[in-house]
Amino acid sequence: MPDRTEDSAISFGPFRLFPKSRLLEKEGSPLHVGGRALDILIFLAERPGEVVDKRELVKRIWADVNVDEGSLRFHVAVLRKALGDTGKSARYVVNVPGRGYCFVASFAQPAPPAAQPLAEIIPPRSLPAPLSKMVGREEIVEKISSGLSLHRFMTVVGPGGIGKTAVAVTVGHRRSQDFGGRVFFVDFGPLRDASHIATTIASALGLTISAEDPTPAVLTFLKTGPALLIFDGCEHVLDNLAPLVESIVREAPQLRVLATSRESFRSEGERIFRLFPLDCPPEREGLDAAAVLAYPAAQLFVERIAQSSGPFQLSAEEAPLVASICRRLDGIALAIELAAGRVNAYGIAGTASLLDSRFSLQWRGRRTAVPRHQTLAAALDWSYDLLPAAESATLRRLSVFAGPFAPEAAAAVASGDGFNASETLEAIDSLVTKSLISPSGVRTLRYRLLDTTRTYAHGKLSELGETSQFARRHAEHFRDFFARAEADTSTPLPEWLSIYGAELDNARAALNWAFGPEGDATLGIALTAAAVTLWVRLSLFAECRERTRTALAALGDNGDHDRIRMQLLSALGWSLMYGEGRAREARPILETTLELADRLDDKDFRLRALWGLCIDQFNNGQFGKARALADRFANAAANSPDKTDPMLGDRLMAVALHYLGDQNEARLRIDRVNASLHVLAEKPKIFPLDLRLSTQYFRARILWLQGFADQAQALAARNIEEGRANGHALTFCSVLGQATCPIAFWSGDFDAAERHGTELLEHTERHAIRLWGLWARAFNAAVIVKRGDVATGLPLLREELNRAGDARFLPRFLPLLGELAACFLETDQVDRGLDVIEDGLTRCNDRQELWYLPELIRIKGELMLRSARHSGDAEARFREAMDISVRQGARFWELRCAISLARYMMATGQNAEALAVLDNVCAAFAEGADIADMRAARGLIAQMRA
């Protein structure tokens, strides 16, 4: 990580800003602000006194992402609040109407930076293991390592097989500590579809992306701190990758990119480092072993012989032969390793003679006249021709894999036609020793072909007319593999993803072949259906949607395929529902799924369809219909042999009852699920989220409304820690948005609300989860208001709710509409507040969305008190809201209503009645003494008794 002592501080007021370290301190202590807000501060502070145009700011902070000025205003508001820049005292960032923003703080003399404790260095992410010994490249590795301190984008250019990847990996390990372990290796070798470049980068960064374009989430992640990206094997995706690299290097100021390619990117800011062949012994008489071994090419040759055959000492007689072999192979590292792999079988003299017979004599001593790829192709040709039939056939067949593959997959795809699985695995072992296959993976054994080897082997497969045969086997294997993945419900999600998620590239490759001109659409349809669970658990709803649409189009209207049609329609409906929220086409698709499930008497898909339809009704605000569907689901699940199905029925009914306003019955249902979680040995087949986590965040909501504040807060705290550990992006959004954020907000702990709201927003930007991102921005605006900055928060809240569009009709947005009305109360805009409340009340009554009804009526009463026309009706509204709260079992709303009613009574001289109301309600609370509303109630009681 960069040394902060080399980072010039910008000091203003009580703050010090370290731009290179991306650190803001207040009075010597780190001050957390969001990533975007910090980007804005750094950019403005580096141009003090200059008015920066809003469009320039947006372009700088968001790069090529299409955002409007509302996002800029929101993050500026977050920044100003963090700086205490309210406009009343200290001013740091000002808005120049019609122009932009300006940093106006007076700079102090830079203070000596405090010593920064060394952070614990985490191991590099996704970086292959370093070579046990790097031969002949130490000086080059040092130059590139040093170069990364001066240049932000470097490309190692050279022919295939020359050692570009090995050099880049070694540099990555050497510089890992400087980047705090944030070194990420992105292998573009398996990638055949350039449209997946950004997704491939996101996957290497550990991001789960569900949006169409993951680029914004990648940029958000890379802006969070220093990082080194190693892009390997870029030559076949340069046209698409080059503009993306320019963008991320420009927009992520602490990022370094090290790429390997056979040709340069020809991009702005690129620093090219050409990797030349290893130095070879010269062609002259009298060279002894010591003289030959002074050259890196010979050192590599001998090193690889020792690795494959045991201890080896080069003799004086063999030294000239080794020098000749190295020269004939032009010092290309891969070719030298291939030759060394044959020495155990043929000896050095035999290997040299075979080399002579394979390569044209006209190449001798004319390395510069021979294109490097031809040299490597010749080496591969030569090595391939030396392979026994079983090994050459195995190498050809394995070329259909995209990226690393497991031994079991290799045996399944490459066996047959005269070779059994045991012989295939034995051939793989031999190919590994000959450096034609590389071991891959840390925890479990996997193999991979170098990209050049794979390309060569695939050419041989095509020459022999075997491509379709083994591409089919590959697709059939992964069809069966992902069918097993769907049935594997007992493996914990992180482990499940490490097993099955690693095969995403193979699934894509198989589907691309199946739906291609030489493929088999029927096989592609079956593979699509099998891979649905993978996409859902990776939150790749957009990819799931497009793949299932392709499969359904290929299926056509043939009535003989109802079962597979049902499976695909179910997946399409779910991907629309969870990916887009209130998608209009989801319901008819799910209704057709239900019709097919009933016709086929398929219990699992009947439940999937009912679940999807119920969630669709939640999303569209039809809670009465949702409860009816929850009843149908519970009845269908009652006799299911799968113990998780009745639990899902109770969980679904609990949610319906919660939103319908029956908190007591909802608590019974959710507690029944909670009591059964200890026997949950398997993940439910039909539920995309984690059942344990989702049970607890709804249970926390219900407990809060019932008045069990301490239990709800403790449960939410545990839930968030478990959610972080779980690793499922969509589930963690729900953990934060359904319980943690609202409970912190309702409790009056606005520090926690801000912290969790910021975490949710950053999480949604990182994983590109649009619907929760819309909610998080609106929620954070409401928090700004509660922190006292109504002038900033109210316009932001209105803007974010408008930006949400139809999404604001999702249940989670209803409290934010109530807060908008309360904001209008704060600014004496009573009529506008009443209009918002009336819209909300109409929504609640029309949709039976009753859970928030008492609070809306209470806010209406508060607005009426400010209106000369309506003040006489305020007391009736407070009492109405209290009555509804009591019927719903919602003591928290009852407490709030009692406080409003008591204040009204005190203002009208009814202190005794007000005291009785508060005493009666507070007596029912056995916990929650520290929440804001209980403190307010106690304060009123003390005031009246005094």
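Following this note's numbering, the residues of the sequence shown are numbered contiguously, the last one being 1049.
Ideal Cβ positions, reconstructed from N, Cα and C, are used throughout, including at glycine.
Fair warning: this is a prediction, and the values are worked out from it, not measured in the lab.
Practice problem: Kindly indicate which residue of P356, R278 and G275 has the alpha-carbon position closest to the one of F146. | Solution: Checked all of P356, R278 and G275; the closest Cα to F146 is P356.
Self-check item: Per-residue DSSP class, three states only, for Y449
Solution: helix
Quiz item: Helix, strand or coil: which one does DSSP assign to D734?
Solution: helix
Self-check item: Distance CB(F726)-CB(Y681) smaller than 8 Å
Solution: no
Practice problem: Using the Cα positions of G876 and E349, report the straight-line distance between them to the nearest angstrom. | Solution: G876 and E349: Cα-Cα distance of roughly 27 Å.
Quiz prompt | Extent of the continuous beta strand (DSSP E) to which F334 belongs | solution = The continuous beta strand (DSSP E) containing F334 extends over residues A330 to D335.
Practice problem: Note down, one range per segment and in chain order, each alpha helix (DSSP H) of at least 4 residues found wholly within the region 853-909. | Solution: The alpha helix (DSSP H) runs of length 4 or more contained entirely in the region 853-909 are, from start to end of the chain, 853-870, 873-889 and 893-907.
Practice problem: Put A820 into one of helix, strand or coil per three-state DSSP. | Solution: helix
Quiz item: When burial is assigned at 16 or more other CB atoms within 10 Å of the CB, is G137 buried or exposed?
Solution: buried
Quiz item: Among T834, L833 and G860, which residue has its Cα nearest to the Cα of I846?
Solution: G860
Exercise. Run the CB neighbour count on G764, radius 10 Å, all protein chains shown included, and call it buried at 16 or more, exposed below.
Key: buried
Quiz item: How should E420 be labelled, buried or exposed, when 16 other C-beta atoms within 10 angstroms of its C-beta is the threshold for buried?
Solution: exposed
Practice problem: Could you tell me the distance, in whole angstroms, from the CA atom of G389 to the CA atom of F581? | Solution: Approximately 58 Å between the Cα atoms of the pair.
Self-check item: the region 567-586 in contact with the region 501-510 per 3-pair CB rule at 8 Å
Solution: By the Cβ rule, the region 567-586 counts as touching the region 501-510, because three or more pairs are nearer than 8 Å.
Quiz item: Among R911, V886, D909 and A910, which residue has its Cα nearest to the Cα of L899?
Solution: V886
Quiz item: In the DSSP assignment, what residue or residues form a beta bridge with L120?
Solution: L120 is bridged by DSSP to I113 and L127.
Quiz item: Smallest Cα separation from E241: which of R277, A442 and A739?
Solution: R277
Exercise. Would you check if there are 3 or more beta carbon pairs closer than 8 Å linking the region 581-596 to the region 799-819?
Key: no
Quiz item: How about L396: is its Cβ closer than 7 Å to a heavy atom in the ligand HEM?
Solution: Absence of the ligand HEM from the depicted structure is noted, as is the absence of any ligand whatsoever, leaving it without description.
Quiz item: Under a Cβ-count criterion, where at least 16 other Cβ atoms within 10 Å of its own Cβ denotes burial, should K236 be classed as buried or exposed?
Solution: By the 10 Å Cβ count, K236 comes out exposed.
Quiz prompt | Three CB pairs or more closer than 8 Å across the region 795-806 and the region 968-987 | solution = no
Self-check item: Collapsed DSSP secondary structure at Y398 in the structure displayed
Solution: coil
Quiz item: Taking C-alpha atoms, which residue in G840, L358 and L424 lies nearest to A452?
Solution: L424
Self-check item: Close Cβ partners of E646 (< 7 Å) along its chain, the five nearest in sequence each way excluded
Solution: Excluding residues within five positions, the ones whose Cβ falls inside 7 Å are W638.
Quiz item: From R359 to E606, what does the alpha carbon distance come to, in whole angstroms?
Solution: 28 Å
Exercise. Would you give the residue range spanned by the alpha helix (DSSP H) that S779 belongs to?
Key: Q766 to S779
Quiz prompt | Residues near L344 in its chain [Cβ-Cβ closer than 6 Å; skip 5 each side] | solution = I300 and C337
Quiz prompt | Residue burial classification, F115 (beta-carbon count within 10 angstroms, cutoff 16) | solution = buried
Practice problem: Just mark S565 as buried or exposed, buried being the case when its beta carbon has 16 or more other beta carbons within 10 Å. | Solution: Exposed, since its Cβ has fewer than 16 Cβ neighbours within 10 Å.
Quiz item: E768 to S132, Cα distance in whole Å?
Solution: 48 Å
Quiz item: Counting pairs of beta carbons, one from the region 929-938 and one from the region 963-970, are three or more of them closer than 8 Å?
Solution: yes
Quiz item: Helix, strand or coil: which one does DSSP assign to M985?
Solution: helix
Exercise. Look at the alpha carbon of S174 and the alpha carbon of H781, and state the distance between them as a whole number of angstroms.
Key: Rounded to whole angstroms, S174 to H781 spans 44 Å at the Cα level.
Quiz item: In the DSSP assignment, what residue or residues form a beta bridge with S52?
Solution: Here the chain covers residues 104 to 1049 and nothing more, so residue 52 does not appear.
Self-check item: Where N948 falls, given that 16 or more other Cβ within 10 Å makes a residue buried
Solution: exposed
Practice problem: Could you say which of K326, G309, P293 and T268 lies nearest to D142 if we only look at CA atoms? | Solution: K326
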